[in-house]
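> Residue numbers (the numbering used here), protein chains in the order written: chain A, 1 to 397; chain B, 398 to 670. Shown below is the structure under consideration.
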């Protein structure tokens with residue numbers, strides 16, 4: 001490729017910042033236009049990106065993680081050239097294929113085929129080249145006769161299919177994707193991931209933005225964590241995503257502290273008052289986990305407790321409520337009721353898990369608050385999944 | 398799910414030059430403008446004629462039957478108005494449609510990098526092309542009905558449309574860029590253009606305007622255009638004047654001014670469109 005001779009990176013960003021104008025008052029727009037025309041830039045701004053810098057060499061893959069509003073989409077738009085940075089420099093030495101916010105700029109009234117042509121024109125293809133690519137794109141999108149219907153009648157999944165097919169049809173030097181994998185169905189996701197893996201294996205360069213740490217870890221070697229428009233951390237995908245997850249665990253743990261009894265009383269709700277697990281924090285595979293805690297009841301009737309184990313990403317593993325097994329919680333005074341549960345020889349495979357406790361009304365119908373305790377199961381097992389099922393290997397005859 | 402993956406094993410298509418890309422994009426936008434504007438509606442292309450024709454008939458009735466206006470220099474009212482009305486309606490429609498056209502491309506502007514001014518070029522030229530087709534049909538019809546039209550005047554009239562197009566694009570660029578930030582623009586444009594139409598000697602000759610006001614009316618570039626079209630098509634005068642050179646310069650100045658403003662504002666469209 002062109003840049004190989006010069007040795008310049010495929011993509012480099014230096015001190016990139018982007019401000020968005022804030023228009024609050026009625027006459028604000030007029031003022032804004034006047035400021036922009038004078039070349040002053042907007043006076044009242046929201047800083048979407050600040051001092052972001054990184055380089056991407058050919059064949060590298062970079063994942064971008066961050067909360068909603070952290071500036072991920074803005075960063076991708078700056079790289080794609082859709083918006084100009086307010087500060088700093090962006091240099092791209094190749095063709096960019098971008099899939100931003102579902103669909104790569106489709107017109108809702110156009111049919112799928114007409115949109116393929118539009119996208120091809122946006123990339124500067126001649127009509128002959130367009131014709132040669134059309135069949136591949138249609139085949140990859142695999143949306144059947146819908147290709148002849150206006151995009152506005154498509155489901156979001158179909159739009160993503162077509163968008164991905166178009167964005168990848170030309171084997172861009174850099175592929176930029178924004179959460180596409182979250183929308184398509186399972187089989188299309190697999191197809192996309194297979195395509196991206198193949199593309200990376202052939203030396204393609206990827207810039208992926210996703211809330212799925214799984215996808216980032218699977219597809220990207222490096223990752224960058226954005227927060228409030230700034231780079232918090234940059235490095236190997238595994239390290240960055242783990243730091244990001246840890247940050248979120250801490251944040252949600254703060255939000256899930258037990259509700260004060262006075263508050264629960266005033267609100268007339270059942271509330272978990274305490275939740276403790278033993279051993280605390282970490283246990284080895286096959287050890288026994290013991291859970292205990294107390295629930296406040298506003299009317300003095302014995303509440304029901306629902307206890308469960310979920311994976312750190314929220315996938316439920318197991319849940320059981322006290323009323324399912326006819327267990328009554330023990331009153332301990334002050335409208336409080338205690339519970340205890342033992343899980344002997346815990347079959348969970350190594351990983352991060354969370355114990356959840358929900359307070360429920362005595363009828364076991366309404367579910368109130370949610371208190372959590374995180375723990376880690378350690379071990380060296382290479383088994384897959386998250387629960388070890390009892391099994392024996394037997395003679396095949 | 399074993400459909401072929403796009404371009405696996407294909408050579409990378411060489412990156413196109415910016416100019417070639419812009420041309421392909423313009424053609425695509427131009428077709429899209431024509432399609433969405435007329436070809437999608439029931440009677441399609443015919444609408445380009447119906448509106449001006451109805452107006453022409455109404456004006457003819459009001460001015461010759463009710464007001465019994467005279468003073469068209471002995472020229473037929475129909476020919477006198479028809480020659481000027483179409484270019485005016487083309488300009489008006491071109492400006493009005495373009496002012497709001499960027500909103501229709503919001504999906505593209507937010508997600509793809511491309512020169513936004515192509516939208517305006519396509520929108521204006523599509524409108525003017527349709528109106529020009531209507532203009533030619535009407536001129537031929539008037540000739541067929543024996544109205545005094547000099548068809549050889551088209552040799553001058555067509556370049557005059559070209560000059561007009563340059564100016565209109567400049568004006569359209571200005572209002573379209575403004576409309577993105579200030580939504581009132583489209584609401585001001587409609588009455589504004591209507592007032593301008595009555596201030597332009599389209600339905601009346603300049604000679605009917607009181608002497609003191611005449612220089613002001615003549616300052617309107619459209620007054621010049623209308624009078625030159627009448628010279629060519631009603632009188633068959635094809636000779637060029639010094640004023641024509643000035644007009645070309647004015648049209649260019651409007652175009653470049655409009656484009657400067659548009660380019661200044663277009664980096665910020667993405668957030669407001």
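By construction, the Cβ of each residue, glycine as well, lies at the ideal position given by its N, Cα and C atoms.
For residue 583 of chain B, go through chain A and note every residue whose CB falls closer than 8 Å to its CB, in chain order.
None at all; the shortest Cβ gap to chain A is about 14 Å.
> Going along chain B in order, which residues have a C-beta closer than 7 Å to the C-beta of residue 145 of chain A?
Going along chain B, no residue has its Cβ under 7 Å from residue 145 of chain A, so there is no contact; the nearest lies around 15 Å.
> Straight-line CA distance for residue 508 of chain B to residue 87 of chain A?
Cα-Cα distance, rounded: 20 Å.
> Per DSSP, what kind of secondary structure is residue 635 of chain B in: helix, strand or coil?
In the structure shown, residue 635 of chain B sits in coil (DSSP, three-state: anything other than H, G, I, E or B).
> Going by CA-CA distance only, name the one from A:116, A:317 and A:366 that's closest to residue 159 of chain A.
Checking every option, the nearest Cα to that of residue 159 of chain A belongs to A:116.
> In angstroms with no decimal places, state the Cα-to-Cα distance between residue 525 of chain B and residue 519 of chain B.
Each residue's alpha carbon lies about 10 Å from the other.
> I'd like to know whether the C-beta of residue 507 of chain B is nearer than 9 Å to at least one C-beta of chain A.
Chain A, which has a Cβ nearer than 9 Å to the Cβ of residue 507 of chain B, makes this yes.
> Could you have a look at residue 64 of chain A and say whether DSSP puts it in helix, strand or coil?
Note: residue 64 of chain A maps to strand in three-state DSSP.
> Measuring CA to CA, which of A:272, A:289 and A:269 is closest to residue 429 of chain A?
This structure cannot speak to residue 429 of chain A, because chain A is shown only from 1 to 397.
> Residues of the stretch 518–537 of chain B with a CB closer than 8 Å to any CB of chain A: list them in chain order, please.
From the stretch 518–537 of chain B, no residue has a Cβ closer than 8 Å to chain A.
> If you reduce the DSSP assignment to three classes, tell me which class residue 338 of chain A lands in.
Strand at residue 338 of chain A.
> So, is the C-beta of residue 678 of chain B closer than 9 Å to a C-beta in chain A?
With chain B covering 398 to 670 only, the question about residue 678 of chain B has no answer from this structure.
> Please identify the residue among A:16, A:35 and A:222 whose C-alpha is closest to the C-alpha of residue 23 of chain A.
For residue 23 of chain A, the nearest C-alpha among the options comes from A:35.
> If I measure Cβ to Cβ from residue 358 of chain A and keep anything under 6 Å in the same chain, skipping five residues before and after, which residues do I get?
Excluding sequence neighbours, residue 358 of chain A sits near 306, 367 and 370.
> Count the other C-beta atoms from every protein chain shown that fall within 10 angstroms of the C-beta of residue 235 of chain A, then say buried if there are 16 or more, exposed otherwise.
Burial call: exposed.
> Is the beta carbon of residue 514 of chain B less than 9 Å from the beta carbon of residue 431 of chain B?
Cβ distance not < 9 Å, so residue 514 of chain B and residue 431 of chain B don't count as in contact.
> Say whether chain A places a C-beta atom closer than 9 Å to the C-beta of residue 429 of chain B.
Closer than 9 Å to some Cβ of chain A, the Cβ of residue 429 of chain B qualifies, so yes.
> Cα separation between residue 419 of chain B and residue 163 of chain A?
Using only the alpha carbons, I get a separation of about 21 Å.
> Measuring alpha carbon to alpha carbon, tell me which of A:69, A:109, A:106 and A:49 ends up nearest residue 84 of chain A.
If we check each option's Cα against that of residue 84 of chain A, A:49 comes out closest.
> Buried or exposed for residue 498 of chain B, going by 16 or more other Cβ atoms inside 10 Å?
That one is buried.
> Would you list, in sequence order, the uninterrupted beta strand (DSSP E) runs of no fewer than 3 residues that lie entirely inside the stretch 96–139 of chain A?
Taking only runs of at least 3 residues, the beta strand (DSSP E) segments lying wholly in the stretch 96–139 of chain A are 96–99.
> Among the residues of its own chain, which have a CB less than 6 Å from the CB of residue 486 of chain B, if the five just before and after it don't count?
449, listed in sequence order.
> Suppose you measure from the CA of residue 405 of chain A to the CA of residue 45 of chain A; what does that come to, to the nearest Å?
The structure shown does not extend to residue 405 of chain A, since chain A is modelled only from 1 to 397, so the question has no answer here.
> Checking 9 Å against the spacing of the C-beta atoms, do residue 531 of chain B and residue 446 of chain B come in under that value?
In this structure, residue 446 of chain B lies closer than 9 Å to residue 531 of chain B by Cβ.
> Where does the unbroken beta strand (DSSP E) through residue 328 of chain A begin, and where does it stop?
Careful: residue 328 of chain A lies outside any beta strand (DSSP E) and carries neither H nor E.
> Report all residues from its chain with a CB closer than 8 Å to the CB of residue 157 of chain A; omit the five preceding and five following residues, and keep chain order.
Same-chain partners within the cutoff: 183, 184, 185 and 188.
> Out of B:528, B:479 and B:422, state which residue places its alpha-carbon closest to the alpha-carbon of residue 544 of chain B.
It is B:479 whose Cα lies nearest to the Cα of residue 544 of chain B.
> Which residue or residues does DSSP assign as beta-bridge partners of residue 508 of chain B?
For residue 508 of chain B, which the question treats as bridged, DSSP gives no partner whatsoever.
> Using three-state DSSP, classify residue 370 of chain A as helix, strand or coil.
Three-state result, residue 370 of chain A: strand.
> Any beta carbon of chain A sitting closer than 9 Å to that of residue 564 of chain B?
Taking Cβ atoms only, chain A never reaches closer than 9 Å to residue 564 of chain B, which makes this a no.
> Using a Cβ-Cβ distance under 9 Å, would residue 160 of chain A count as near chain B?
Not an interface residue.
> Can you list the residues of chain A that residue 504 of chain B reaches, using a CB-CB cut of under 8 Å?
103, 105, 106, 107 and 108, listed in chain order.
> Of the residues A:275, A:245, A:292 and A:299, which one's Cα is nearest the Cα of residue 266 of chain A?
Nearest C-alpha to residue 266 of chain A: A:299.
> Among A:93, A:63 and A:76, whose alpha-carbon lies nearest the alpha-carbon of residue 8 of chain A?
The residue with the shortest Cα to Cα distance from residue 8 of chain A is A:93.
> If I'm right that residue 322 of chain A touches residue 309 of chain A with Cβ under 8 Å, what's the distance once you round it to whole angstroms?
Residue 322 of chain A to residue 309 of chain A, Cβ: 16 Å. No contact.
> Checking contacts by CB at 9 Å: is residue 218 of chain A closer than that to chain B?
Chain B contact via Cβ: absent.
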